[in-house]
Every structure is written in structure tokens, then in C-alpha cells.
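In this note's numbering, the protein residues as written are 71 to 378.
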């Protein structure tokens with residue numbers, strides 16, 4: 071079976087390095103291979119399997135047309151997450167997580183609409199009629215909103231899933247997702263509790279190479295799902311077009327048949343109407359032979375004989 075990553079790639083990325091034994095979370099025990107110099111070593115064979123499971127699930131979510139929110143406000147993952155999420159058109163959060171971003175999503179959407187309104191004001195010239203001080207205030211407000219919410223502008227509804235790089239740092243995002251029963255995918259290090267994560271990826275969540283390898287792999291799976299969705303839509307559209315063309319051809323054939331039948335009926339009617347006239351004309355054209363008059367022969371009466 072082909073895997074999306076392998077042991078050597080993860081090893082090279084340093085994904086196997088966990089935290090100090092003194093900082094470990096006992097619930098990560100199933101994913102720990104050994105301890106070396108007081109540091110836990112993660113079992114990368116299990117990491118490979120977990121990455122494949124997460125990638126398969128994320129691919130299906132993307133294929134269904136739903137959004138996955140990528141989250142990493144820690145410095146090591148900010149650029150990595152923003153780059154990969156942007157490449158696949160998914161929303162992401164790399165600045166401060168605003169409390170209620172999920173649980174109070176309606177308010178977040180209002181703030182996004184406010185930012186959109188400011189943009190429209192700039193386009194239609196409304197900002198130009200404001201005083202310099204007012205324009206500066208509006209501009210600052212817009213920049214502040216964009217910094218926090220600009221990357222989720224296109225997220226018009228709650229995401230179907232959330233991907234987190236460090237669940238200890240993003241504990242608020244994790245709690246909100248759990249409250250709303252949103253599936254959680256996460257890179258989980260040896261110092262974290264994996265019990266609240268639906269798809270645990272045991273790996274180093276501090277090394278940039280480790281974060282990049284795993285995030286890129288999952289982003290590629292999402293891209294596959296999006297491409298398959300596009301291909302399915304294209305195929306469905308083609309089939310729909312074929313059905314429409316077939317219906318049009320059937321309708322045309324039926325119309326032509328009806329027209330032919332109508333023409334045949336008209337022709338038959340015309341022929342039937344013409345036949346009596348022809349018969350009448352032929353009768354009128356016949357010359358009946360004259361009856362021969364009988365010659366009447368006059369019989370002369372005998373002369374009367376006078377008697378003496």
C-alpha cells in the first residue's frame with residue numbers, strides 16, 4: 071500500500087522528537103516508541119498511518135465541497151499554514167484566535183461584513199467625503215479587522231473540520247470545535263492530551279520541517295479532493311448536456327414524425343376530395359348516343375266506295 075509519507079521523510083524532518091519525559095502526557099503513551107536522554111521519541115510508523123488516515127478524511131471533506139479551517143498562531147507554523155491553506159483556497163488563522171470565532175460565529179460574520187462595507191466605501195468614493203480624521207479611523211479599523219479576520223473572509227459558514235498544529239497553544243480553538251462537534255485534526259506532541267482530537271497525528275509540533283511536511287501532505291490530499299470534485303462536476307455537466315441533447319433530438323424526431331403524419335393526412339384528404347370531382351367531370355364529358363327515331367309509316371285509309 072502506498073503511503074503519503076514514509077519513515078525516512080519524517081525522520082529527516084525531526085518529527086520523532088517529543089518533549090522531555092517530565093513534561094509528557096500519559097495519554098500519549100501508545101504513540102511513544104522509546105526514551106532517549108530524557109526525551110521521548112515518537113513512533114514514526116504510527117505517525118505514517120495516522121497521516122494517511124487524516125489525509126483520506128480531509129480529502130473526502132474537500133471533495134464534498136466543505137471548508138476546513140487551518141489554525142496555527144505559533145510562530146513556527148504561521149507562514150507554513152498560511153502558505154499551504156492559501157494554495158488550496160481554505161480559510162486559516164495565524165494571528166490571535168478571537169474568542170468565539172466558532173461558537174459566536176454570527177458576530178464574527180458581522181465584523182467581516184463591516185470590513186467588506188469599508189472596502190465598498192473606498193470603491194464608491196464614500197470615504198472621500200469623510201474628514202481626514204474619520205478616514206484614518208476607518209482605515210485603522212479595517213486594518214485591524216483584516217489582520218484577525220482577513221483570512222476567513224470567504225468562510226460564510228462554520229467549517230466542516232479544523233486542523234490545528236499545537237492543541238496546547240490553540241486550546242480555545244480546540245474547545246470551541248469540541249463544543250460544536252466539529253471534527254478536529256491535529257499534530258499532537260508528547261506533552262499534549264490527544265483525547266479531544268478526532269484524528270491524532272503524533273509528531274513534533276515545534277520543528278518547522280515537521281510542521282511543513284505534515285501540513286503540506288494534508289494540503290495535497292485536500293487538493294486531490296477538490297480536483298476530484300471538479301472532475302465529477304465536469305463529468306456530471308457533460309452527462310447532463312448529453313441528456314439534454316438526446317431529449318432535444320427525440321423531440322425533434324417526434325415533431326418531424328408528427329409533421330410527416332400531418333402532411334400525409336392532408337395529402338390523403340386532398341386526394342379524396344379530388345376524386346369525386348374527377349368522376350363528375352368524366353360523366354359530364356361523356357356523349358350519350360341519340361336514340362334512333364322510329365319511322366312511322368302512314369297507312370292510307372281505303373277510299374270509300376259509294377253505293378248506288
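No residue lacks a Cβ here, since even glycine has one placed at the ideal position from N, Cα and C.
Coil, strand or helix - residue i by DSSP
i	result
residue 90	strand
residue 150	helix
residue 336	helix
residue 252	coil
residue 378	Residue placement at residue 378 is poorly supported in this model, since its pLDDT is 43, which falls under 50; the coordinates still yield a value, given next. The answer is coil: DSSP assigns residue 378 none of H, G, I, E or B.
residue 139	strand
residue 144	coil
residue 257	strand
residue 79	helix
residue 158	coil
residue 270	strand
residue 277	coil
residue 285	helix
residue 295	helix
residue 74	coil
residue 263	coil
residue 107	coil
residue 209	helix
residue 120	helix
Distance, residue j Cα to residue i Cα
i	j	result
residue 304	residue 310	10 Å
residue 274	residue 76	15 Å
residue 202	residue 188	15 Å
residue 382	residue 204	Absent from the model: residue 382. The displayed extent of the chain is 71 to 378, so no value can be given.
residue 232	residue 321	50 Å
residue 226	residue 106	47 Å
residue 85	residue 279	8 Å
residue 81	residue 314	55 Å
residue 318	residue 306	18 Å
residue 126	residue 184	37 Å
residue 263	residue 241	11 Å
residue 284	residue 121	7 Å
residue 130	residue 162	19 Å
residue 224	residue 138	12 Å
residue 174	residue 215	16 Å
Bridge partner(s) assigned by DSSP for residue i
i	result
residue 112	102
Cβ of residue i within 8 Å of any chain C Cβ
i	result
residue 163	Absent here is chain C; the protein component of the structure consists of one chain.
| message | Pairs of beta-carbons, one from the stretch 99-110 and one from the stretch 144-151, closer than 8 Å: are there three or more? | response | no
| field | Completely contained alpha helix (DSSP H) runs for the stretch 217-251, where each covers 4 or more residues | value | 241-249
| Would you say the stretch 288-306 touches the stretch 166-177, given that touching needs at least three Cβ pairs under 8 Å? | no
| task | Can you check the stretch 162-203 for any alpha helix (DSSP H) of at least 4 residues that lies completely inside it and give the ranges in chain order? | result | 175-194
| message | Check whether the stretch 255-272 and the stretch 101-114 are in contact - that is, three or more C-beta pairs closer than 8 Å. | response | yes
| query | Is the stretch 232-251 in contact with the stretch 130-148, if contact means three or more CB pairs nearer than 8 Å? | reply | yes
| Within the chosen definition, does the stretch 154-162 reach the stretch 281-292 through at least 3 CB pairs nearer than 8 Å? | yes
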